[in-house]
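Residue numbers (this note's numbering): 99 to 190. A short worksheet on the structure shown next.
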Amino acid sequence: VVERARRARELGCGGVICSGHEAAAVREACGAGLEIITPGIRPAGTDAGDQARVMTPSAAVAAGADRIVVGRPIRDATDPAQAAAAIVASLT
């Protein structure tokens, strides 16, 4: 993943998508100039569903993610707006 991120940066890509589990290594290898987007983000206590490598929003940001992708925990919530707001609040 790190080698592909380096190559993407060399080719002029502005960012990469990678698991939060690789975000720190990608950030260390590629620096702040490469945006890191991490899918598979789940609030603590939320079912992982079919995601094999989940991470909480705060852990992903701490690992170096610039943007996080949260799908089903918001989409499937009884109140999606409240679910999204709670995730944002957990990051501030």
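Note that CB positions come from ideal geometry on N, CA and C, so glycine has one too.
query: Backbone CA spacing between Gly131 and Gly112 [nearest angstrom]; result: 8 Å
query: Counted within 10 angstroms of its Cβ, other Cβ atoms place Gly147 as buried (16 or more) or exposed; result: exposed
query: Cβ-based burial, Val159 [other Cβ within 10 Å; buried from 16]; result: buried
query: Val114 versus Ile135: straight-line alpha-carbon distance, rounded; result: 6 Å
query: Bridge partner(s) assigned by DSSP for Glu133; result: Gly113
query: Helix, strand or coil at Gly102 according to DSSP, with G and I counted as helix; result: Looking at the sequence shown, residue 102 is not Gly but Arg. Helix at Arg102.
query: Option nearest Glu126 by Cα separation, candidates Ala163, Ile139, Gln149 and Arg151; result: Ala163
query: Residue nearest to Asp145 in terms of C-alpha spacing, selected from Cys128, Ser117, Ser156 and Ala175; result: Ala175
query: Ser156 at chain B interface by Cβ criterion, 9 Å; result: No chain B appears in the structure shown, which is made up of a single protein chain.
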